[in-house]
Amino acid sequence: MKKIFLSAVIALALCSYGYAQDEEEYEEEDAAPAKVAKAPAYEEEEEEDEAPAPVAKKAEKKKEKKSSGSAFFGAGIDVGGLLNNAANMRLVFKLNESMELSAILGMYHHGESSYTPNGGQEQSAKDNYTELSIGAGFDFFVKKDFLPVSIGGEFIYTSPRALVAGGQEFVASNDIDLMLLQINVLLGAHAEITNNLFLTGKIGLGMSYYSESDPAGEGSFLDFALATKVYLTWFMF
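Its first residue numbered 56, the sequence shown is counted upward by one per residue in our numbering.
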């Protein structure tokens with residue numbers, strides 16, 4: 056009886072041990088493929104979601120570089136003044152996107168005239184002279200969408216050769232000092248013709264203050280007029 060009982064216990068133990076091994080092998084076979092299948096799927100999804108991010112950042116950086124790249128210094132000529140014997144050259148400095156500061160330099164030279172009568176010798180009038188101008192200007196841009204519009208002004212000092220006051224003509228000499236101050240308040244529109252080449256048209260109020268000083272006394276007068284300017288400016292760097 057004892058032998059039968061021991062045999063039954065041993066048989067049950069062997070059966071339970073075999074069943075346990077089968078369950079462990081079954082769990083391992085089921086669990087292993089699940090981990091392998093999930094890992095690459097998760098990594099592929101992350102790679103697909105994260106990959107475009109650096110490309111977008113690079114594109115944004117490129118756009119920022121293109122939009123922020125602008126020339127700082129430019130040189131131009133007063134086309135309107137060139138036609139009226141008052142050629143002024145402008146040196147423009149772009150302080151920021153909304154402000155430009157310019158230095159104005161002008162020169163007008165009148166050569167010496169001469170006359171040769173028939174059968175005679177050439178005679179010189181000794182009337183050559185040079186007028187110099189120096190000044191400053193600024194432009195503040197108020198609209199930059201389609202056509203940039205600016206509000207600005209100019210302050211120009213000129214030493215004229217001659218001026219007429221009170222029906223009398225005064226000519227600059229060692230004893231006579233002449234001065235002209237021009238103050239212009241202008242509204243301008245700027246158009247880019249080609250890359251970094253701008254055509255600027257301005258209109259506004261111009262004030263001219265003339266002053267004369269000689270040993271006999273001093274005199275001055277002030278003129279108001281409509282001022283028009285046409286500038287051609289090339290921004291070099």
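A virtual CB, placed ideally from N, CA and C, is assigned to each residue, including glycine.
Separation of leucine 252 from valine 204, as counted between CA atoms: 16 Å
Minimum length 3: unbroken beta strand (DSSP E) runs contained in the region 186-263: 204-213, 217-220, 223-226, 232-249
Limits of the beta strand (DSSP E) - the one that leucine 150 falls within: 143-151
Start-to-end residues for the beta strand (DSSP E) that takes in leucine 287: 272-290
Own chain residues within Cβ distance below 6 Å of leucine 235, not counting five before or after: Thr213, Pro215, Tyr265
Proximity below 8 Å, CB of leucine 211 to CB of serine 179: For clarity, residue 211 is isoleucine in the given sequence; the question names leucine instead. Their beta carbons are not under 8 Å apart, which means isoleucine 211 does not touch serine 179 by this criterion.
Short Cβ contact (8 Å threshold) for alanine 271 with leucine 202: no
Counterpart residues of phenylalanine 128 in DSSP-defined beta bridges: For phenylalanine 128, the pairing in a beta bridge is given by DSSP as Phe148.
For asparagine 229, the nearest candidate out of Asp194, Leu160, Leu260, Glu267 (CA to CA): Glu267
For glycine 259 and leucine 287, believed in contact at Cβ under 8 Å, the rounded distance: Wrong, their Cβ atoms sit about 19 Å apart, outside the cutoff.
Neighbourhood of phenylalanine 193 by C-beta, 6 Å cutoff - its chain only, sequence neighbours within 5 removed: Leu156, Gly207
Option in Asn143, Ser153, Met162 with minimal Cα separation from isoleucine 132: Asn143
Spatially closest choice to threonine 249 from Glu224, Phe290, Gly222, by CA coordinates: Phe290
Same chain, Cβ closer than 7 Å to glycine 190, five either side skipped, listed in chain order: Ile159, Glu209, Phe210, Ile211, Tyr212
Rounded C-alpha distance that separates alanine 126 from leucine 146: 13 Å
Alpha-carbon to alpha-carbon, glutamine 237 and glycine 166: 25 Å
Buried versus exposed call for lysine 198 [16 or more other C-beta atoms within 10 Å across all chains shown]: Classification of lysine 198: exposed, given that the 10 Å Cβ count is below 16.
Assigned secondary structure, glycine 174 (DSSP; H/G/I helix, E/B strand, else coil): coil
Endpoints, the alpha helix (DSSP H) within which leucine 137 is located: Judged by DSSP secondary structure, leucine 137 falls within the alpha helix (DSSP H) whose first and last residues are 134-137.
Own chain residues within Cβ distance below 6 Å of glycine 256, not counting five before or after: Ala244, Val285
Spatial distance of tyrosine 184 from valine 226 (CA atoms): 11 Å
Same chain, Cβ closer than 6 Å to serine 263, neighbours up to 5 away in sequence not counted: Gln237, Asp278
Close-in-space but distant-in-sequence residues of the same chain around phenylalanine 195 (CB under 7 Å, 5 per side omitted): Ser153, Met154, Ser205, Ile206, Gly207, listed in sequence order.
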